[in-house]
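Student: Can you keep this structure in mind? I'll have questions shortly.
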Amino acid sequence: MRAPDFWQTDGAPARLLDPIGRLYGLAGRLRQRLVTPTRVGIPVICVGNLTAGGAGKTPTALAIARRLQALGMVPHCLTRGYGGRGGGRAHGPLRVDTDTHDALAVGDEALLLARAAPTWVSADRVAGARHAIGAGASHIVMDDGLQNPHLAKDLTLLVVDGAVGFGNRRLLPAGPLREPVDQALARIDAVIVIGEDRTGLDRLLPPGLTRLRADLRPDGQSEHLRGRRVLAFAGIGRPEKFYETLQQIGANLVATRSFPDHHPYRASEIDGLVTEARQFDAVCVTTEKDHVRLAPNLGKSVEKLAVHLQLEAPEKLDRLLAGRWSENAAAAK
76 MRAPDFWQTD GAPARLLDPI GRLYGLAGRL RQRLVTPTRV GIPVICVGNL
126 TAGGAGKTPT ALAIARRLQA LGMVPHCLTR GYGGRGGGRA HGPLRVDTDT
176 HDALAVGDEA LLLARAAPTW VSADRVAGAR HAIGAGASHI VMDDGLQNPH
226 LAKDLTLLVV DGAVGFGNRR LLPAGPLREP VDQALARIDA VIVIGEDRTG
276 LDRLLPPGLT RLRADLRPDG QSEHLRGRRV LAFAGIGRPE KFYETLQQIG
326 ANLVATRSFP DHHPYRASEI DGLVTEARQF DAVCVTTEKD HVRLAPNLGK
376 SVEKLAVHLQ LEAPEKLDRL LAGRWSENAA AAK
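Residue numbers (the numbering used here): 76 to 408.
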């Protein structure tokens, strides 16, 4: 689904739906209180967000996995596998194989993660973590899972899109929040704000909470799009971010087409987009996350723009990665 406009305001639709949001929040609080988190014996790093839709969790999880690899660690990624088969996702635990699995089987995010590190899809996070340990993982990097209480976390990072922040600060479906802001902030160790803070997040965050600044940057292969006529399409949480990035790198954006988040593209849709692009004398371009959802024969007709997370002060993240596990391990003795 696309985020409705009223999620950013506090108008009549939000107020009308607020009672349902309060019930949603109550169910979440009960879930947190009734479950005792399980420790699995290796560091668990959770990359989560508070809002429905894309905030940049997957690029952040990828960046963390790569930093751990650079330090000589063997991180495995763990995700619920949004968009896969079996009630909306593969239940697992299932190790992702990029040669045999597609987005319908394991989800687009799992495929992206698996290109960087061993990745497990599991509705049961504890079972997924234990399978990863059995396969040699030294660290678990959870893509999403902030609201999942079952697996104990050693470091919890909240990712926030600086352009939209926490929206109208109401809970689903009245607003974009999965849980109340204050409730989530009590469980996190640091906030990563991606992009310019346009909503005054600093006023909402506790003074002592560690803040990290980051941006999503196009990879080195994006230069060939500079000056080219582009028809851009995306099925992500906020397609506007993708379109803005294309304009920033100098692409000539002649048309845009937006789809629901995690949209499963049909051959007829892609054929139609490619035909339309030719009419504009343009090339079809989509996000890397969308591109992995295309069948191989369809993907050949569409170019992709990959992005990576660029931290403003990466040493702050390194200190968090090194310090929090040591503290929790000592406390457990």
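C-beta atoms are modelled at their ideal positions from N, C-alpha and C, and glycine is treated no differently.
Any idea which residues DSSP pairs residue 113 with across the strands?
Tutor: 226
Student: Is DSSP giving residue 203 helix, strand or coil here?
Tutor: helix
Student: Is there a Cβ from chain D that is less than 8 Å from the Cβ of residue 240?
Tutor: This model lacks chain D altogether, as it is built from one protein chain only.
Student: One question on the structure: do residue 122 and residue 201 come within less than 8 Å of each other, judged by their Cβ atoms?
Tutor: no
Student: Mind checking which residues open and close the alpha helix (DSSP H) that includes residue 137?
Tutor: Taken as a continuous stretch (DSSP letters only), the alpha helix (DSSP H) holding residue 137 covers 132-145.
Student: Give a yes or no on whether the C-beta atoms belonging to residue 209 and residue 185 are separated by under 8 Å.
Tutor: Not in contact: residue 209 and residue 185 (Cβ atoms no closer than 8 Å).
Student: What first and last residue would you give for the alpha helix (DSSP H) that runs through residue 373?
Tutor: 371-374
Student: Using the Cα positions of residue 195 and residue 173, report the straight-line distance between them to the nearest angstrom.
Tutor: 12 Å
Student: Buried or exposed: where does residue 84 fall if 16 or more other Cβ atoms within 10 Å of its Cβ makes it buried?
Tutor: exposed
Student: From residue 198 to residue 153, what distance separates their C-alpha atoms?
Tutor: 10 Å
Student: Classify residue 331 as helix, strand or coil using the three-state DSSP reduction.
Tutor: Three-state DSSP puts residue 331 in a strand.
Student: Can the beta-carbon of residue 263 be found closer than 8 Å to that of residue 287?
Tutor: no
Student: If you draw a straight line from the alpha carbon of residue 16 to that of residue 258, how long is it in whole angstroms?
Tutor: An answer regarding residue 16 cannot be provided, because it is not within the stretch 76 to 408 covered by the chain.
Student: Excluding the 5 residues preceding and the 5 following residue 161 in the sequence, name in chain order all residues of the same chain whose CB lies nearer than 7 Å to its CB.
Tutor: Bear in mind that a pLDDT of 38 at residue 161, under 50, signals an unreliable position, so the number given afterwards is only what the model happens to contain. Within the same chain, residue 161 has no close Cβ partners at all.
Student: So the candidates are 311, 322 and 306; which of them puts its Cα closest to the Cα of residue 298?
Tutor: 322
Student: Can you give, in chain order, each stretch of the alpha helix (DSSP H) that sits fully within the stretch 235-288 and has at least 4 residues?
Tutor: 256-260
Student: Count the other CB atoms, across all protein chains shown, that sit within 10 Å of the CB of residue 275; report buried if there are 16 or more and exposed otherwise.
Tutor: It is exposed - the Cβ of residue 275 has fewer than 16 other Cβ atoms within 10 Å.
Student: Just the C-alpha distance for residue 159 and residue 103, rounded to the nearest angstrom, thanks.
Tutor: In this prediction, residue 159 scores a pLDDT of 46, lower than 50, which makes its location untrustworthy; the coordinate-derived value is nonetheless stated afterwards. The alpha-carbon atoms of residue 159 and residue 103 are separated by roughly 24 Å.
Student: Is residue 340 near residue 247, with beta carbons less than 8 Å apart?
Tutor: no
Student: Quick check on residue 80: buried or exposed, where buried means 16 or more other Cβ atoms within 10 Å of its Cβ?
Tutor: exposed
Student: Measuring straight from C-alpha to C-alpha, what distance separates residue 240 and residue 313?
Tutor: Looking at the two C-alpha atoms, the distance is approximately 12 Å.
Student: By the 10 Å Cβ neighbour count, where 16 or more other Cβ atoms means buried, how is residue 170 classified, buried or exposed?
Tutor: buried
Student: Cβ atoms of residue 236 and residue 130: under 8 Å apart, would you say?
Tutor: yes
Student: Skipping 5 residues on each side, what residues in its chain have a beta carbon closer than 7 Å to that of residue 245?
Tutor: 89, 93, 96 and 252
Student: Which of helix, strand or coil does DSSP assign to residue 72?
Tutor: Because residue 72 is not part of the residues shown, which for the chain are 76 to 408, the question remains open.
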